[in-house]
Amino acid sequence: MIALPVLAVTAAAVVQATADVAGVEGADRRMGAAEARIRPVGGTVFQAPDPDDYGAGGWGSDADGDADKPSYDAVTAVLGPDVRAITLREGWTEIPLGERRVSVTAREVDLSDPLADGLFEITAGRAAEAPDEAVVNDVLVERGVGLGDSVTVGDRELEVVGTGRHTTVSDTATIDVLPDALGPGFADYTPDVDWLVDGDPVMWSDVLALNKAGLVVTSRAVLADPPPVQEMAEQLGYDTGYGDVVAIVALVVTMALLEVVLLAGPAFAVSARRQARSLALMAATGGTPRQARRVVLASGIVLGALAALVGAVLGVVVGWALLPLAQRWSGEWFGPLDVDWRIVAVVAAFGLLSAVLAAVVPAHIASRQDVVAVLAGRRGDRPPSARTPVLGLVLLGAGVALSAYGVSASSSGHWAIAVSAIVSVFGMILVVPVVVSAVARLSRLLPLSLRYAARDAARHRTRTVPAVAAVAATVAGVVTLGIALSSDEAQNEATYSPSLPLGAAIVNIYPSAPMNGDVETVPAGTWDDVEAAVRARTGDLEVLRGVQHLAADGTDISLDFREPGDRTPLLEYWGGRLDGTAVVTDAVPAMAGLTGEDLDSARTALAAGRAVVFTQRPTTADTTRLRVDLYDPVDDTSSVRRLDWPATYVDAGDQTPVAQALVPPSLAAELDRPLGIAGIYVGDAGLSASDETELAEVLGGITEDASLYVERGYQAPDEVLVVQLILAALGGVLMLGGTLTATFLALSDARPDLATLAAVGAEPRTRRRVAASYALVVGFVGALLGAVVGFIPGIAITWPLTYQSADLLGGSGEATGPFIDVPWLLVLGLVVALPLVTAAVVGLSARSRLPLVTRLD
């Protein structure tokens, strides 16, 4: 119980330290062999020693726009005129591979320059030496791009002259070319150019001077020797935030220490019981209670030190062995094996402290034992103190009160709820002895094996209470986090606004707008190719036409349909995936999803030259007021006009309208705007995730401006499922560990009693039943207590986590939440299924026959 937590934490620390290639260790990946990487942003910059460390504040600037970005002269003014530099521009683009287009990370830098050493490892070929040459990484090689092949980036045709490993990313396709080789298009969309500079080390004082000139600096020297955090905070004028960090760490350490102490408690309780006769003899010959306590505590120190040492050593080995597996789940390359011995020492010390604390209560009990009773061969714990459960109930009440305060408090509520969780767990631990005794009293109606296990657990509370409390603390934490996570996901799902009906898809083309303000038009025939590609993979589709929001002259138009005299939106949400607000048509398209009377009304309205406007609130109007906003970027002017059109309103219900309205061509002509394809709509695309990826790549091969969206409803992020699985696994492992340890210690301690049962005629399988029953009592009682206590902070945390007031939504919306979603499957699994599984495991693994020994009374 001591070595395993130390092993697990040490292994995790080794994997984390190896995966975290930060600071000076990752300098070569970020700046090659240069002394600093400098980016011009303008204004006055304030930054952390590592500007990419957003946990420490990253960097910021008071610059407005790109007009005041400094030139390279600002660098030489601080670092001297002899400083040499090369440029590096990094962004992303797309390249065609057959009929598809794939996204790649593109970088313009001269890899042959010594300053670029460390940015890329070329394993075949050479670095690019001409503007029409490129180097690609192994990810692209695996997709069929090799030495001598040509790749197209924008309007540039490049020959692959080198392949190898990008030193940062492991699962992303990359391409490296010479500076400016990708042309002005790439420069327009990736305007930031960094300088890799050599020369003398760039110190923190130099960084501050460069910051004043509008430059963000990543310095190798500063990464190796960063300034003190407090000094940096005073210079930059911000709070270090260490107060919150210390509080969080204190909460986590307290709960972890408590859990390990409770898990190890039964082992030391049984060990102290086995030493009871020796301690009684020592007391009979003049030994003091203090000396008895020291004997038990000394065993805790020796065993704890040995367990911590073994756990730390094995943890380093296990962490090293897990690195290849962990690398598969990371998108960035790990560094060399990194063991932070300071962390290992802290973890080992944590294990030693846990062992000592776990031995405190058994040591105290051993020092107060009845010497005469022990020497006479009698055993048993004293009745529980009446003050202990009273204090426990008081702490539980305080936990509930803190949770209630956390619900009502605005700023410090989450801290109150976090503290309430710890207070509630401590209160629960103090109540456990009474609960165990109550279970023993209520067990008279149970079968023999369960009755025996319950009463034996109450008779030997020194080993039972820590085990039950450990299970309860584990379940309380898992239930609390489970409720918080499930409720947060329930809020996300309830507030999700779908863009299309479930299963539908929209294909659109959004032409790129060059930085000069011109509008790029869709080449002739492109829509036909897109339609053919979609039809070949989905079947029936609709080509929708509408008022193009962006005209060839650059003017932009937006339309908004309202009820006359009412500013309230008619729809809570609508698709927004079309190129425009309304569909221009003289027939009702299938995408409208209308049936019955609504379909007949819409057909009649369009035939009569009336607009069909979708609404999600009651209305009796027969006209609609259309607000037309027109923006001209040439002279930066805006104009607004309003049109009253005859309209028929159709109730959209809880469906998601793809557009706000259907407009007949006769009304659309009043806008004097060009009509174009607003999108291709597929009502039931039937596309799997892999089909969607394939179709998107095919469309990208036709035009890089193509967009595909398939409505699948709310999809919980993969991270949520991973966290839920981790919670369930963690709870299961800790419950199994605590229950199995306590059970087998109890069986070892109860060997004389079980042997006596066998001597008076009990069947061999009785011992198996008793063992399974003891595991069931410990696991079920602990899990039930933990679930009840876990509901206190779990329900409370849903308020600050999921409640949003109307003011937060700008004052015009409705308050939402709180959303409470209890993961009953997780709770039932912990409270019912896991104790039964544990009991079955114990029952199957326990020995049926024991040698007869003398029974102790």
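Take our numbering: the final residue in the sequence shown is number 2248, and no numbers are missing along the way. Beta carbons: idealized from backbone N, C-alpha and C, even for Gly.
Asked                                                                                                                              : Found
Three CB pairs or more closer than 8 Å across the segment 1807 to 1823 and the segment 1779 to 1794                                : yes
C-beta atoms of Ala2038 and Leu1969 nearer than 7 Å                                                                                : no
Alpha carbon of Gly2000 to alpha carbon of Ala1923, nearest angstrom                                                               : 32 Å
Extent of the continuous alpha helix (DSSP H) run through Leu2276                                                                  : Since the first residue of the chain shown is 1392 and the last is 2248, residue 2276 is not available in this structure.
Boundaries (first-last residue) of the beta strand (DSSP E) holding Ile1513                                                        : Phe1511 to Gly1516
Same chain, Cβ closer than 8 Å to Ala1399, neighbours up to 5 away in sequence not counted                                         : Gly1706
Unbroken stretches of the beta strand (DSSP E), 3 residues or longer, contained in the segment 2146 to 2199                        : none
C-alpha distance - Arg2008 paired with Arg1994, whole-angstrom precision                                                           : 21 Å
For Thr1563 and Ala1858, believed in contact at Cβ under 8 Å, the rounded distance                                                 : So it is not a contact: roughly 48 Å between Cβ atoms.
Bounding residues of the beta strand (DSSP E) (the contiguous stretch that carries Arg1492)                                        : Arg1491 to Glu1499
Same chain, Cβ closer than 6 Å to Pro2055, neighbours up to 5 away in sequence not counted                                         : Asp1977, Leu1997 and Gly2000
N- and C-terminal bounds of the beta strand (DSSP E) containing Val2004                                                            : Ala2002 to Thr2006
Cβ distance (whole Å) where Val1500 is taken to contact Pro1570 below 8 Å                                                          : 7 Å
Neighbourhood of Val1651 by C-beta distance below 6 Å, restricted to the same chain and skipping five residues each side           : Pro1396 and Ser1745
Per DSSP, cross-strand counterpart(s) of Asp2020                                                                                   : Ser1949 and Val2031
Buried versus exposed, by CB contacts within 10 Å (16 or more), Ala2060                                                            : exposed
Touching by the beta-carbon criterion (3+ pairs, under 8 Å), the segment 1564 to 1583 and the segment 1487 to 1499                 : yes
Anticipated Cβ contact below 8 Å, Ser1811 with Pro1440, distance rounded                                                           : About 37 Å; that fails the 8 Å criterion.
Whole-angstrom C-beta distance between Arg2158 and Arg2238, which should lie under 8 Å                                             : 7 Å
Candidates Gly2104, Val2041, Val2114 and Ala1663: closest to Leu1876 by CA position                                                : Val2114
Segment contact flag, the segment 1872 to 1892 with the segment 1677 to 1697, C-beta cutoff 8 Å, min 3 pairs                       : no
Segment contact flag, the segment 1865 to 1881 with the segment 2179 to 2193, C-beta cutoff 8 Å, min 3 pairs                       : yes
Contacts around Ser2249, its chain only, beta-carbon distance under 6 Å, and the 5 residues preceding and following it disregarded : Nothing about residue 2249 can be reported from this structure: the residues present for the chain run from 1392 to 2248 only.
Per-residue burial, Ser1596 [other beta carbons within 10 Å of its own, 16 or more giving buried]                                  : exposed
Neighbour-count burial assignment, Val1405, 16 or more Cβ in a 10 Å radius                                                         : buried
For Trp1483: DSSP bridge partner residues                                                                                          : Thr1496
Per DSSP, cross-strand counterpart(s) of Asp1585                                                                                   : Leu1479
Pair within 7 Å by beta-carbon distance, Val1827 and Ala2174                                                                       : no
Close Cβ partners of Ala1942 (< 8 Å) along its chain, the five nearest in sequence each way excluded                               : Val1910, Ile1948, Arg2064 and Pro2065
Distance between beta carbons of Val2168 and Ala1848, contact taken as under 8 Å                                                   : 5 Å
Among Gly1967, Leu1950, Gly2067 and Ala1394, the one whose alpha carbon lies nearest that of Val2019                               : Leu1950
Buried or exposed by the 16-neighbour rule on C-beta atoms within 10 Å, applied to Gln1760                                         : buried
Residues near Arg1668 in its chain [Cβ-Cβ closer than 8 Å; skip 5 each side]                                                       : Val1765 and Leu1766
Tyr2040 in three-state terms, based on DSSP                                                                                        : strand
Start-to-end residues for the alpha helix (DSSP H) that takes in Val1560                                                           : No alpha helix (DSSP H) contains Val1560, which DSSP labels as neither H nor E.
Environment of Gly1448 [buried if 16+ CB atoms lie within 10 Å]                                                                    : In this prediction, Gly1448 has a pLDDT of 46, which is less than 50 and means its spatial position is unreliable; what the coordinates show is noted afterwards. So Gly1448 counts as buried.
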